[in-house]
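A.B. asks:
Residue numbers (our numbering): 52 to 451.
Put into structure tokens, the structure is as follows:
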């Protein structure tokens, strides 16, 4: 995360005279295919062969777990930071993840065993379980934090989407004020959503819109020569007030006679106008504003907390992952080359396009180490811990 992606090969071979001589021999063979550096591997407790094999199998799984956790934390950090920066139009490169205040690449180049956290006096199994515990603990915490963050983010996004969505569903308190609404014993206000294309029709006809509509529930016309009162319209003339508009619709306020509001609503529906029932409530408006503010504050807190946590967690899990690589190198070297412990571990920084050539050179340079294993039956058990791909040297890789 700190530098451009770098692939390290970890190679361990029997020591030739001295570690320096072994490194020189390997560096000469590799030439310009990669940069070689000695990797310091502490002398760890060996235990029995069965214990060593058991730890070797466990370490392979621990390695996968640690790498997976490192990748997940890094991805969460990048994604979370990108979301917030996009929303705030922030310029410049985002802060990079570091390990002990250094880039991951630089940390591995200068790696030293953490004696304070992982004392060498413990058994291999205990030491290995300690590394794995770090990866599992932070992996579990990541799930909890991202779930909570995701829930709040989804709720906030839904609210903001609703506020910026169609006027048919947008909360009316976002643009309706107390003074816009007329309420009384006999009068009430209605908010009508009018398509932009029908704006002129609305303005020309809203006062008498129900005249063009006959409800099936209307009573029959009174008989001739029978005294009757004149029909009263439901809309108070001259009360259409534009509240808000977007590209598709306009929100109008009209004042209705309560007794006849159903006439207006039925007639408006026929003309493809949507009446949204709304009564201004100062308490409800305050509650909605407070709920939104609280949600925004909670999101901001969780976002900042997740970013800080990812930075800390990445450093801790990455260090545990590197230590797992070191212990795997030790275990597989002892299983491969036996006792007494006498091997040299080297890191090679290699570019992807040179890997095939480098593999050929290493296999050729250390062909004498293969012995009978090169011709071993596929059915035979491999106790070296290297899996299906056999090389005449211990091989691991670390992609940073």
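Positions of the beta carbon are idealized from the N, C-alpha and C atoms, including for glycine. Everything numeric in this text was worked out from a predicted model, so none of it was measured.
Please determine, among 210, 228, 292, the residue with the shortest C-alpha to C-alpha distance to residue 244.
C.D. replies: The shortest Cα separation from residue 244 among 210, 228, 292 belongs to 292.
A.B. asks: Do residue 241 and residue 287 have their CB atoms nearer than 8 Å?
C.D. replies: No, these two residues do not count as a Cβ contact at 8 Å.
A.B. asks: Below 8 Å on the Cβ atoms is my guess for residue 210 versus residue 343; work out the distance and round it to an integer in Å.
C.D. replies: Going by Cβ atoms, the distance from residue 210 to residue 343 rounds to 6 Å, so yes, they are a contact pair.
A.B. asks: What's the gap between the Cα of residue 401 and the Cα of residue 115?
C.D. replies: Cα to Cα, residue 401 sits roughly 21 Å from residue 115.
A.B. asks: Who are the near neighbours of residue 308 in its chain, counting only those whose CB is closer than 6 Å to its CB and skipping five residues on each side?
C.D. replies: 285, listed in sequence order.
A.B. asks: Using only CA atoms, which one of 338, 235, 197 lies nearest to residue 358?
C.D. replies: The shortest C-alpha separation from residue 358 is found at 197.
A.B. asks: For residue 271 and residue 319, what's the separation of their Cα atoms in angstroms?
C.D. replies: Note that residue 271 scores 47 on pLDDT, short of 50, meaning its location in the model is unreliable; the coordinates nonetheless yield the value given after this. C-alpha separation (whole angstroms): 22 Å.
A.B. asks: Can at least three beta-carbon pairs, one atom from the segment 365 to 374 and one from the segment 147 to 159, be found at a separation below 8 Å?
C.D. replies: Because the criterion of three Cβ pairs below 8 Å is met, the segment 365 to 374 and the segment 147 to 159 touch.
A.B. asks: Within 8 Å, do at least three Cβ pairs link the segment 359 to 370 to the segment 177 to 194?
C.D. replies: In short, these stretches touch, since the Cβ pair count reaches three.
A.B. asks: How about residue 60: is its C-beta nearer than 8 Å to some C-beta of chain D?
C.D. replies: Going by chain labels, chain D is absent from the structure shown, which holds only one protein chain.
A.B. asks: From residue 172 to residue 104, what distance separates their C-alpha atoms?
C.D. replies: Taking the straight line joining both Cα atoms gives about 19 Å.
A.B. asks: Beta carbon of residue 203, beta carbon of residue 303: below 8 Å?
C.D. replies: Not closer than 8 Å, so no.
A.B. asks: Quick check on the DSSP output: the beta strand (DSSP E) that includes residue 450 runs from which residue to which?
C.D. replies: Here the beta strand (DSSP E) through residue 450 covers 445 to 450.
A.B. asks: By the three-class DSSP mapping on this structure, what secondary structure does residue 288 have?
C.D. replies: Coil at residue 288, not helix or strand.
A.B. asks: For the beta strand (DSSP E) containing residue 239, list its first residue and its last residue.
C.D. replies: Note, residue 239: beta strand (DSSP E), 238 to 246.
A.B. asks: Apart from the five residues just before and just after residue 314, which ones in its own chain have a Cβ nearer than 6 Å to its Cβ?
C.D. replies: Taken in chain order, the residues that qualify are 261, 285.
A.B. asks: With three or more beta-carbon pairs closer than 8 Å as the criterion, would you say the segment 390 to 399 touches the segment 71 to 85?
C.D. replies: Because the criterion of three Cβ pairs below 8 Å is met, the segment 390 to 399 and the segment 71 to 85 touch.
A.B. asks: Does residue 237 pass the burial test, meaning 16 or more other C-beta atoms within 10 Å, or should it be called exposed?
C.D. replies: The residue in question, residue 237, is exposed, as its Cβ has fewer than 16 Cβ neighbours within 10 Å.
A.B. asks: So, for residue 194: in the same chain, excluding its five sequence neighbours on each side, which residues have a beta-carbon less than 8 Å away from its beta-carbon?
C.D. replies: Hits under 8 Å: none found.
A.B. asks: Specify, as a first and last residue, the run of the beta strand (DSSP E) that residue 14 falls within.
C.D. replies: Not covered by the structure: residue 14. The range shown for the chain is 52 to 451.
A.B. asks: Just how far apart, CA to CA, sit residue 164 and residue 178?
C.D. replies: The alpha-carbon atoms of residue 164 and residue 178 are separated by roughly 12 Å.
A.B. asks: Among 225, 377, 335, 384, which residue has its Cα nearest to the Cα of residue 296?
C.D. replies: Residue 225 is the option with its Cα nearest to residue 296.
A.B. asks: Residue 300 lies in the beta strand (DSSP E); which residues open and close that run?
C.D. replies: Looking at the DSSP string, the run of the beta strand (DSSP E) that includes residue 300 is 300 to 308.
A.B. asks: Give me the Cβ distance between residue 247 and residue 300, rounded to the nearest whole Å; I'm assuming they're in contact under 8 Å.
C.D. replies: Rounded, the Cβ-Cβ distance is 6 Å, consistent with contact.
A.B. asks: Would you identify the three-state DSSP class for residue 326, choosing helix, strand or coil?
C.D. replies: Note: residue 326 maps to strand in three-state DSSP.
A.B. asks: Could you give the uninterrupted runs of the beta strand (DSSP E) lying entirely in the segment 363 to 430, keeping only those of 3 residues or more?
C.D. replies: Entirely contained in the segment 363 to 430, the beta strand (DSSP E) runs reaching 3 residues are, in chain order, 394 to 401.
A.B. asks: Going by DSSP, which residues form a beta bridge with residue 63?
C.D. replies: Paired residues: 396, 445.
A.B. asks: With DSSP collapsed to three states, give me the class of residue 149.
C.D. replies: DSSP places residue 149 in coil when its eight states are reduced to three.
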